[in-house]
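Asker: Sharing a structure with you now.
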Amino acid sequence: MSQIQERYVLTSSQKMMVFILSMSLYGLSNMITELVPSAYLGPIEFSIEYFAFIPLTLCMLFHPLYAAVGAALGEVIFGEIMLGQFGGFGELEKFISFSLAMYIAGSLVKDPRNRKQVGIAAITGVIIHQFISMMVDIGKVWIGVEELEAVPGLAESIVVIEGFAFLNDVLFSGILFALLPTLYLVPRLYGKIEPLLGMKPRDNTMKFSTGEIVTPRLIVGGIVLALLSFFFEFLSETDFNVEWEADFGENFMWVSIGVSAVIAILTVILMVTRKGKNTKEGMDERKVQ
Amino acid sequence: MEYRQKLFDKLSVEQVKIELLNTAYGNDQTFLAKLDPRTLFIWYLFFGFAPWFIHNQAILLGMFAFVVVMMLIARSSPLIIFILCLGLLGQGGYLLLAAWFFGGDLSTIMPLLILTMKLSIISLASISVFTSMDPEKLSDGLLKVGVPGQVSFSISYAYRMLPSLIEEYHHVFLSFRLRGKAPEKHGILYWRSIAYFVKIAMLSFYPLMLSTSKRARTTVEALETKGSFFAFNNPKVKAIKLAHLTFRQRDYWFLTFSLLYVISLFIFGILYS
Chain V
0 MSQIQERYVL TSSQKMMVFI LSMSLYGLSN MITELVPSAY LGPIEFSIEY FAFIPLTLCM
60 LFHPLYAAVG AALGEVIFGE IMLGQFGGFG ELEKFISFSL AMYIAGSLVK DPRNRKQVGI
120 AAITGVIIHQ FISMMVDIGK VWIGVEELEA VPGLAESIVV IEGFAFLNDV LFSGILFALL
180 PTLYLVPRLY GKIEPLLGMK PRDNTMKFST GEIVTPRLIV GGIVLALLSF FFEFLSETDF
240 NVEWEADFGE NFMWVSIGVS AVIAILTVIL MVTRKGKNTK EGMDERKVQ
Chain D
0 MEYRQKLFDK LSVEQVKIEL LNTAYGNDQT FLAKLDPRTL FIWYLFFGFA PWFIHNQAIL
60 LGMFAFVVVM MLIARSSPLI IFILCLGLLG QGGYLLLAAW FFGGDLSTIM PLLILTMKLS
120 IISLASISVF TSMDPEKLSD GLLKVGVPGQ VSFSISYAYR MLPSLIEEYH HVFLSFRLRG
180 KAPEKHGILY WRSIAYFVKI AMLSFYPLML STSKRARTTV EALETKGSFF AFNNPKVKAI
240 KLAHLTFRQR DYWFLTFSLL YVISLFIFGI LYS
């Protein structure tokens, strides 16, 4: 019953079409970019980071959620599993950040024929994605190195390296492989590709269910603010300020207590799930037999 | 450099397809490949996550030795391992240089070495676990753990469609080259030719988007006819599909051994450091 009510948005098979389309196209492009070598000019990297224009275009033309999730899954399947480099948890982080960024970019566009909107959304998508991956990379060193502040130079250098890589990716890959092709493709494909999937083109009166409660602008603002706050918190902790040093010992104690609490909780969860799984397994087998 | 040569040899379209099937189905005879996917997931859950929070060098060293042995058992391809080492060394070295630039000294090396060791434990664990699972096993395992049926469908769909997708892309690319005009001069460091090829590579997606959307529609219509949307997350269908997944004796042995090893490692590491 609920399907009939939601029908004016997209039917489940149309969602699946968008999902499959975006997955196979972005997956294919990922395979190509994985195989192309990158060139370095000093610390500046000239490489095809990714063909971000494909998911961006599809997110702007179709329902952004299904196109974004499809593209992220396509990257994991084609670019990682099929090339034999599936990385477990690392892929989860990529999956979440990429689909989030593409979804936000897609829902920023209300009218795909408006070039200004398309351009701003495309570059915003790339910036969000690169920003999240930069924060994750910095966070990895932060968590991975014990007493990061005690090691001279490391905290600053990781921030500088990652910040530089972020700018490099946004300015080089972001403009060449996301902004320009998206601006070229979206107006051309608009109205042509939708009938092939049996749906109407997106018009500017279209609204998304979540869009009514939480506007994309709010999400973007919230995420950027949250990340910025984390970033500044991090900067102040790693010390650029001598006065804070006294506080630091105490803070660090809390961090280590927090970490040990997380480990304790994790081990408990691990044990419980192990037990749960084993018993469930036994029951399942009995049922099947 | 020998590996780079090998990499370039593999770049022809046919070769890529063969290589893909090889990485997917190449090693199904190893000890790890015979384990249940859930066993491997549980093992990976610890070795892929715990190293971040362990700062004890003895424990890390012991875990590293364990994953290296696992990798040898899994018989991972040397190319992947080589790429991994290169990446790890490159990142570590780069950080070290930058840290020295900001006033670090020799004491910077130790934390960086530990960080590199953590990263290599995690990546070796994931390589040995995931290269020893063929795609069916991985998707069955994911389905069993509770990942939606669409994901495992997508994995099989990708393996089925990839050869024809690559071929179609290749044809479009070649026809763009045939009708277009390559730059007469290569330019400094071939930049003109590179820019030309990259541009064609992107333009080729325009026709491909249209044809793939037709294909996606056909696929979904076929799925509808078969009633697959109903079947994806139906518990009864799942039970029949996953009936072959069972914990055997070797799964229990493997998990028990890993657990004992890790516990003794922790006791040893905490007592002697």
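As they're listed, the protein sequences go chains V and D. Take the first sequence: its position 54, counting from 1, is numbered 53 in numbering that gives the first Met the number 0, and each next residue is one higher. Take the second sequence: its position 93, counting from 1, is numbered 92 in numbering that gives the first Met the number 0, and each next residue is one higher. Heads up, the beta-carbon is just placed ideally off N, CA and C, and yes, glycines get one too. These numbers come from a predicted model, not from an experiment.
Hey, which unbroken runs of the alpha helix (DSSP H) at 4 residues or more fall wholly within the region 90 to 166 of chain D?
Answerer: Those alpha helix (DSSP H) runs which fall completely within the region 90 to 166 of chain D and span 4+ residues are 108 to 130, 134 to 144.
Asker: Of the choices K115(V), P63(V), W141(V), K93(V), whose alpha-carbon is the least far from that of I103(V)?
Answerer: Looking at the Cα atoms, P63(V) is the closest of the given residues.
Asker: Ignore the nearest five residues each way along the sequence and tell me which others in V125(V)'s own chain have a CB closer than 7 Å to its CB.
Answerer: Closer than 7 Å at the Cβ level, and outside the excluded window around V125(V), lie A51, V169, G173, A177.
Asker: Can you tell me which of A238(D), L123(D), S192(D) puts its alpha carbon nearest to the alpha carbon of L83(D)?
Answerer: Looking at the Cα atoms, L123(D) is the closest of the given residues.
Asker: For M16(V), which three-state DSSP category applies?
Answerer: Correct three-state label for M16(V): helix.
Asker: Can you list, in chain order, the residues of its chain with a C-beta nearer than 7 Å to that of R112(V)? Leave out the 5 residues immediately preceding and following it.
Answerer: Answer for R112(V): P186, Y189, listed in chain order.
Asker: What residue ranges within the region 127 to 192 of chain V form continuous alpha helix (DSSP H) runs of no fewer than 4 residues, ordered along the chain?
Answerer: As far as the region 127 to 192 of chain V is concerned, its whole alpha helix (DSSP H) runs of at least 4 residues are 153 to 167, 179 to 188.
Asker: If contacts are defined as beta-carbon pairs under 8 Å, then M133(V) and G162(V) qualify, I think. What distance do you get, rounded to the angstrom?
Answerer: The Cβ separation is near 7 Å, so the contact holds.
Asker: Note down the Cα distance separating V144(V) from I80(D), rounded to an integer number of angstroms.
Answerer: Near 24 Å, if we compare the C-alpha coordinates of I80(D) and V144(V).
Asker: Output yes if chain V places a C-beta closer than 8 Å to the C-beta of K136(D); else output no.
Answerer: No, K136(D) does not count as interfacial toward chain V.
Asker: I'd like to know whether the C-beta of V236(D) is nearer than 8 Å to at least one C-beta of chain V.
Answerer: Taking Cβ atoms only, chain V never reaches closer than 8 Å to V236(D), which makes this a no.
Asker: In three-state terms, what does DSSP make of F46(D)?
Answerer: In the structure shown, F46(D) sits in a helix (DSSP, three-state: H, G or I).
Asker: Would a check of beta-carbon distances place P110(D) closer than 8 Å to chain V?
Answerer: Yes, contact with chain V.
Asker: Ignore the nearest five residues each way along the sequence and tell me which others in L118(D)'s own chain have a CB closer than 7 Å to its CB.
Answerer: The answer, listed in chain order, is L87.
Asker: For a contact defined as C-beta to C-beta under 7 Å, what are the partners of Q84(V) on chain D?
Answerer: Residues of chain D passing the Cβ test: I79.
Asker: Taking only the alpha-carbon atoms, compute the straight-line gap between L209(D) and F130(V) and give it to the nearest angstrom.
Answerer: In a straight line, the C-alpha of L209(D) is about 32 Å away from that of F130(V).
Asker: Which of helix, strand or coil does DSSP assign to I53(D)?
Answerer: Looking at I53(D) - three-state DSSP - the assignment turns out to be coil, as it is neither helix nor strand.
Asker: Looking at the unbroken alpha helix (DSSP H) that takes in R191(D), where does it start and where does it end?
Answerer: R191(D) -> alpha helix (DSSP H) spans 190 to 202.
Asker: Please state the DSSP three-state secondary structure of D250(D).
Answerer: It is helical.
Asker: For M62(D), collect the residues of the same chain with a Cβ closer than 6 Å to its Cβ; drop the 5 residues on either side in sequence, then sort them by chain order.
Answerer: Cβ within range, chain order: I120.
Asker: From S235(V) to E167(D), what does the alpha carbon distance come to, in whole angstroms?
Answerer: Here the model assigns S235(V) a pLDDT of 47, short of 50, so the residue's position is not dependable, and the following value carries that caveat. Their backbone Cα atoms lie some 53 Å apart in a straight line.
Asker: Compute the Euclidean distance between the alpha carbons of D35(D) and F152(D), then round it to the nearest angstrom.
Answerer: Each residue's alpha carbon lies about 20 Å from the other.
Asker: With distances taken from CA atoms, which of G92(D), K184(D), A181(D) is nearest S156(V)?
Answerer: Among G92(D), K184(D), A181(D), the Cα nearest to that of S156(V) belongs to G92(D).
Asker: If you measure beta-carbon to beta-carbon, which residues of the region 152 to 169 of chain D are closer than 8 Å to chain V?
Answerer: Cβ contacts with chain V: S153, I154, Y156, A157, Y158, M160, L161, L164, I165, Y168.
Asker: Indicate the three-state DSSP secondary structure (helix, strand or coil) for Y245(D) in the structure shown.
Answerer: The question names Tyr, but residue 245(D) in the sequence shown is Thr. If DSSP states are grouped into helix, strand and coil, T245(D) belongs with coil.
Asker: Check whether chain D comes within 8 Å of I47(V), counting only Cβ atoms and requiring the distance to be less than that.
Answerer: Closer than 8 Å: yes.
Asker: With DSSP as the reference, label V108(V) as helix, strand or coil.
Answerer: V108(V) falls in the coil class under three-state DSSP.
Asker: Along the chain, where does the alpha helix (DSSP H) that runs through K240(D) open and close?
Answerer: It spans 234 to 240 - the alpha helix (DSSP H) in which K240(D) sits, taken as one unbroken run.
Asker: E223(D) versus chain V: which residues are under 8 Å apart at the beta carbon?
Answerer: What E223(D) touches in chain V: S12.
Asker: If we cut at 8 Å on Cβ distances, does R216(D) have a partner in chain V?
Answerer: It does; some Cβ of chain V falls within 8 Å.
Asker: Is it right to say F65(D) is buried, meaning 16 or more other beta carbons lie within 10 angstroms of its own, or is it exposed?
Answerer: Buried is the call here.
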